[in-house]
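Participant:
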Amino acid sequence: MERLTKTDIKTMGMFELAHNDVFTKDGAAWYRDYDNELSCRDLTRKLYKENNIEQQAEFWSDDDCFDEVMFDSLPNERR
């Protein structure tokens with residue numbers, strides 16, 4: 000079976016990048032585009048900051064607190 004994901008974004012076209020923008024690294028979810036490569040947690044924190052969504056101080060630095068806030072944000076029927 001041929002590998003479907005690639006690691007070298009410099010050689011990817013737009014179609015390939017669209018299918019390789021979220022990946023796992025060291026057991027964590029990551030996002031990348033031509034300019035950025037950051038964990039999905041950091042991407043979410045960045046989006047929260049850009050949209051002025053206030054959170055408790057620990058949300059910004061503690062991954063366990065972040066995970067708890069994200070879990071609590073899920074609709075009840077999804078749990």
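Quick note, in numbering that gives the first Met the number 0, the sequence shown goes up one by one and the last residue is 78. Built from N, CA and C at the ideal position, the CB exists for glycine as well.
Excluding the five sequence neighbours on either side, which residues of its own chain have a C-beta within less than 8 Å of the C-beta of Y30, listed in chain order?
Facilitator: D20, V21, E36, L37, S38, C39, L42
Participant: Alpha carbon to alpha carbon, how far is Q55 from D71?
Facilitator: 14 Å
Participant: Answer with buried or exposed for F14, where buried requires no fewer than 16 other C-beta atoms within 10 angstroms of its C-beta.
Facilitator: exposed
Participant: For A28, which beta-bridge partners are listed by DSSP?
Facilitator: T23
Participant: Does DSSP put L46 in a helix, a strand or coil?
Facilitator: helix
Participant: Find the nearest neighbour of C64 within the set A17, R44, E49, judged by alpha-carbon distance.
Facilitator: R44
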